[in-house]
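**Student:** Quick one: the structure is below, questions incoming.
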Amino acid sequence: MIQSMTGFGKASLQLPTKKITVEVKSLNSKGLDLNVRMPSVYREMELGLRTQISTKLERGKIDFAIYIESTAEQTSTKVNVPVVKNYIAQLREVYADADETELMKMAVRMPDTLKTEREEIDENDWEQIQVIIDEALQNILSFRKDEGESLEKEFNLRIGNIRQYMNDALALDPERVQAIKDRLQTAISELQVNVDENRFEQELIYYLEKLDITEEKVRLTNHLDYFLETLNGNEANGRKLGFITQEMGREINTMGSKSNHAQMQKLVVMMKDELEKIKEQVLNVL
Numbered sequence: 123m124i125q126s127m128t129g130f131g132k133a134s135l136q137l138p139t140k141k142i143t144v145e146v147k148s149l150n151s152k153g154l155d156l157n158v159r160m161p162s163v164y165r166e167m168e169l170g171l172r173t174q175i176s177t178k179l180e181r182g183k184i185d186f187a188i189y190i191e192s193t194a195e196q197t198s199t200k201v202n203v204p205v206v207k208n209y210i211a212q213l214r215e216v217y218a219d220a221d222e223t224e225l226m227k228m229a230v231r232m233p234d235t236l237k238t239e240r241e242e243i244d245e246n247d248w249e250q251i252q253v254i255i256d257e258a259l260q261n262i263l264s265f266r267k268d269e270g271e272s273l274e275k276e277f278n279l280r281i282g283n284i285r286q287y288m289n290d291a292l293a294l295d296p297e298r299v300q301a302i303k304d305r306l307q308t309a310i311s312e313l314q315v316n317v318d319e320n321r322f323e324q325e326l327i328y329y330l331e332k333l334d335i336t337e338e339k340v341r342l343t344n345h346l347d348y349f350l351e352t353l354n355g356n357e358a359n360g361r362k363l364g365f366i367t368q369e370m371g372r373e374i375n376t377m378g379s380k381s382n383h384a385q386m387q388k389l390v391v392m393m394k395d396e397l398e399k400i401k402e403q404v405l406n407v408l
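Start counting the sequence shown at 123; every next residue gets the next number (the working numbering).
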């Protein structure tokens, strides 16, 4: 069963002093385009995390993020008291008449007056975070599978339509052949010349063979069958489906150039329209 590259997964965890939320979003892409955002305290885990994500999701434009929301009463950001006092002392020399409150307001707006104590990774916390990372990745995989089921239904519908239009075009082939014969016969009659009937038949057969679409019908049928076979495979096959649609397009275009019949050409246009819809959706297949 196919999977879509489009998906979303989310999971969260409440720790004693903070809430951790993991989000994963994915869109279609030719390869793996991975963007990871995470707090600096966990930055040393990024390399292993990238490997984990790429192994699970394989392909797509992926945005992965870990968010931390502090729920503790205390904060790791503190006033850098010595720096603030130093600023106040310097400002007092400049603004001798200013009161302490005004000097304080000016001092705290100066650089380096706040300092953030660097947290160290708590191994136990990271093990719990790893659980929700796995959960978020599993959620996005489930999303991708659901989207893949919708795509599969769409592909089956479009392939069925192309097959029907092709058969409708072939049903018109005897009418087209007779129209060509009549048109050539009329043209010769209008010339008022004597024509060797045997030679005329030979030339007519040669002309009709050049316009015959049986071979294109056989190849297009094989491509349609191969598309459905690949669609039901167990491997990621978006690229292969894309290649098959290119081959389908070649056969449909050739049928259009050979058809030389208004109603058949109309059916060819309808086949092309269905194929374009397939091509658009194939870009989303993993």
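We treat Cβ as the ideally placed atom computed from N, Cα and C, and that holds for glycine.
1. May I ask you to verify whether the region 151-171 touches the region 391-402, counting CB pairs closer than 8 Å and requiring at least 3?
2. Keeping to the same chain, check which residues put their C-beta closer than 6 Å to that of Arg266; ignore five residues upstream and five downstream.
3. If you follow the beta strand (DSSP E) that Lys132 is part of, which residue opens it and which one closes it?
4. Give the DSSP-derived three-state secondary structure of Arg165 in the structure shown.
5. The alpha helix (DSSP H) that contains Asn354, what's its start and end?
6. Please look up how many angstroms separate the CB atoms of Ile188 and Val144, rounded, as I've assumed it's under 8 Å.
7. With 16 as the cutoff for other CB atoms within 10 Å, does Leu353 come out buried or exposed?
8. Which residue or residues does DSSP assign as beta-bridge partners of Tyr217?
9. Looking only at C-alpha atoms, which of Glu338, Ile366, Met226 and Lys200 sits nearest to Leu405?
10. Starting from Leu149, trace the beta strand (DSSP E) both ways and give me its first and last residue.
11. Find the nearest neighbour of Asn246 within the set Leu137, Arg285 and Ala133, judged by alpha-carbon distance.
12. Tell me which same chain residues have a C-beta within less than 7 Å of the C-beta of Leu342, skipping the five on either side of it?
13. For Ser192 and Ile142, what's the separation of their Cα atoms in angstroms?
14. Kindly indicate which three-state DSSP category Arg159 falls into: helix, strand or coil?
15. In whole angstroms, give me the CA-to-CA distance for Met377 and Asn356.
16. Roughly how many whole angstroms lie between the Cα atoms of Ser264 and Val146?
17. The beta strand (DSSP E) with Lys183 in it runs from where to where?
18. Assuming Leu273 and Gln403 make a contact with CB atoms under 8 Å, what is their CB distance in whole Å?
19. Compute the distance between the beta-carbons of Arg298 and Asn382, then report whether it is under 8 Å.
20. Below 8 Å on the Cβ atoms is my guess for Leu149 versus Phe186; work out the distance and round it to an integer in Å.
21. Where do the N-terminal and C-terminal ends of the alpha helix (DSSP H) with Gly371 fall, by residue?
22. Which residues in the same chain have their Cβ closer than 7 Å to the Cβ of Arg285, if we skip the five residues on either side of it in sequence?
23. Work out the CA separation of Ala133 and Thr177 for me, nearest whole Å.
24. Taking the C-alpha atoms as reference points, what is the distance between Glu168 and Val253?
25. Note down the Cα distance separating Lys380 from Leu363, rounded to an integer number of angstroms.
**Tutor:** The answer reads as follows:
1. No: fewer than three Cβ pairs fall under 8 Å.
2. Gln125, Ser126 and Gly129
3. Gly129 to Gln136
4. Correct three-state label for Arg165: helix.
5. Run containing Asn354: none; DSSP gives neither H nor E here.
6. Distance from Ile188 to Val144 at the Cβ level is roughly 6 Å; contact confirmed, criterion being Cβ atoms closer than 8 Å.
7. Classification for Leu353: buried.
8. Within the DSSP bridge table, the entry for Tyr217 names no partner.
9. Ile366
10. Lys140 to Leu149
11. Leu137
12. If we look at Leu342 and ignore the five residues flanking it on each side, its Cβ neighbours are Met288, Met370, Glu373 and Ile374.
13. 9 Å
14. strand
15. 33 Å
16. 12 Å
17. Gly182 to Ser192
18. 6 Å
19. yes
20. The Cβ separation is near 13 Å, so there is no contact.
21. Gly360 to Ser381
22. Cβ within range, chain order: Leu346.
23. 19 Å
24. 16 Å
25. 26 Å
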